[in-house]
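Written out below as structure tokens is the structure these notes cover.
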Amino acid sequence: MAEPAARQRLYLIDGYSNIFRAFYAIRNLSSSKGEPTNAVYGFVTMLRKLLREENPELVGVALEGGGERMRKERFAEYKANRAPMPEDLRTQIPWIRKFLEAQRIPMLEVDRYEADDVLGTLSKKAADAGYDVVIVSADKDLMQLVAPHVSLYHTKKDKLMGPAEVEEDFGVPPAKVPDVLALMGDSSDNIPGVPGIGEVGARTLITEYGSLENLLEHASEVKAKKHREGLLANRDQAILSKELSTIHCDLDIALDPDALRRDPPDPKALRELYTQLEFFSLADEIKAEGGPVEALPPAVEAETPEAWRASTAGLGGEVYVAVLNEDRPLGIVVGGAAGEAETAPPVYADFRRPGLAEAALASLR
């Protein structure tokens, strides 16, 4: 009997969950012009690691397509308590989009809906079409999407979660996550929930009654007075909270496996982008125009300030700098782009020699 064909894997990345995580995980990283680059670098590092280690056949990044308007139409105060995106993060979003374009990874967005809804719709359609889906996010709301062929790689917990892991971690099966969220509310999204019912109480009630709807039908029978009174007085608010917490899985968006297929990146565009962002070690890894970046020849030492100035005078175009010893620099190596190597080989200045540190820093300025 023939072995069944292996299901291809689709990795759906929650863009802003990972962008915000990168932004707060790496601080004080900026270019020589003072432009912040920490979120870009963190996101680039995360995505490169995922592509290298998991090698997915299909991949896409969900972003906000003018998102959340549908929920705001239902509840004007939805997310009203959120602070605006920090300015030093907002300026990095275009760079992240350029990186995804150069990496040739599609950006998935639908107007009026949030990235969660795009993830929900595509994960369900892909699982139904015979794919194994991995959603990459730290958002607990996305646990409701986990199913037999849909798992959540929780980036904060560094854990791959299937249905059993969600139930163990959150206390209810994935399908009941919106019911729990409807009771406990969500301060980050300004979802009101039911006053007097916290996370533990919400899990206990949904485990006992099975669903929010059944719980509301039997609200007068709930033993805990605080819970009973909260449910009886806030029935409509509980129903609205579940609606706001439920991820839409029926958007009018097609599953196009060919568009999600992982294509080779554009090496020239990536190298230019990394150079602009001053991610020089990443730029040097890129194979430029179908071939590896040429290694520069060994550096020649300039033993005097005069020799340094004479040796580096011809450098132009792209200039690469290596500082030796991060604590207290002992020296520096400067080299032109690979195409200039024959006329301007890398030059080394040993800062322990008189005048070399001053000469090198002056020429760099």
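In the numbering used here, the protein residues as written are 2 to 366.
Quick reminder that beta carbons are idealized off the backbone N, C-alpha and C, glycines included.
- Straight across, the Cα-Cα distance linking G197 with G121 is about 30 Å.
- Every alpha helix (DSSP H) of 4 residues or more that sits fully in the stretch 51 to 130 is shown, in chain order, as 70 to 75, 88 to 91, 94 to 104, 116 to 129.
- Taking one beta carbon from each stretch, the stretch 46 to 57 and the stretch 71 to 82 have fewer than 3 pairs nearer than 8 Å; the two do not touch.
- For K160, the enclosing beta strand (DSSP E) has its first and last residue at 160 to 162.
- Around the beta carbon of L161, fewer than 16 other beta carbons lie within 10 angstroms, which makes this residue exposed.
- Contact check between the stretch 99 to 112 and the stretch 219 to 229: fewer than three CB pairs, one atom from each, fall below 8 Å, which does not count as touching.
- Excluding the 5 residues flanking it on each side, L216 has same chain C-beta neighbours closer than 6 Å at L206, Y210, in chain order.
- A distance below 8 Å separates the beta carbons of G194 and L184.
- The beta-carbon distance between Q145 and P107, rounded to whole angstroms, is 24 Å. This is too long to meet the 8 Å contact definition.
- Residue state for L153 is assigned as strand, using DSSP reduced to three classes.
- Within the stretch 220 to 268, the alpha helix (DSSP H) runs of at least 4 residues that lie entirely inside it are, in chain order, 226 to 234, 236 to 246, 258 to 261.
- A350 has I333 as its beta-bridge partners, per DSSP.
- In the structure shown, the three-state DSSP call for V134 is strand.
- Secondary structure at P299: coil, using DSSP grouped into helix, strand and coil.
- The beta carbon of V181 is closer than 8 Å to those of F171, G172, V173, E200, A203, R204, I207 in its chain, skipping five residues each way along the sequence.
- Spatial neighbours of T38 in its own chain (CB-CB distance under 8 Å, excluding positions within 5 residues in sequence) are listed in chain order as L30, S31, S32, Q93, W96, L278, E279, F280.
- Taking C-alpha positions only, S212 is separated from D237 by approximately 15 Å.
- A direct Cα-Cα distance of roughly 12 Å separates L331 from A361.
- In the DSSP annotation of this structure, the continuous segment of the alpha helix (DSSP H) that includes D180 starts and ends at 178 to 185.
- At least 8 Å separates the beta-carbon of L274 from that of G61.
- Residue burial is scored here from C-beta neighbours: A314 has fewer than 16 other C-beta atoms within 10 angstroms and is therefore classed as exposed.
- Residue pairing for D15: DSSP places it in a beta bridge opposite A63.
- A direct Cα-to-Cα measurement between A81 and L241 gives close to 16 Å.
- A Cβ-Cβ separation of about 14 Å leaves A63 out of contact with A139 under the 8 Å criterion.
- R10 is bridged by DSSP to D133.
- The shortest C-alpha to C-alpha distance from T156 to any of G131, Y17, K126 is the one to Y17.
- Secondary structure note for S282: its alpha helix (DSSP H) is the uninterrupted segment 281 to 286.
- Proximity to S152 across V134, F352, D89, P258 peaks at V134, based on C-alpha coordinates.
- Judged by DSSP in its simplified three-state form, I20 adopts helix.
- Residues Q145 of the same chain have their beta carbon placed closer than 8 Å to that of A176, with the five preceding and five following residues left out of the count.
- In the displayed model, S364 falls within a helix according to three-state DSSP.
- Beyond the five residues adjoining it in sequence on each side, A350 comes within less than 6 Å, by CB distance, of A303, W309, G332, I333, L357, A361 in the same chain, given in chain order.
- With contacts defined as CB atoms closer than 8 Å, R263 and I287 fail to qualify as a contacting pair.
- One alpha carbon belongs to R83, the other to E36, and they sit about 25 Å apart.
- For L213, the enclosing alpha helix (DSSP H) covers residues 213 to 218.
- Residue state for I192 is assigned as strand, using DSSP reduced to three classes.
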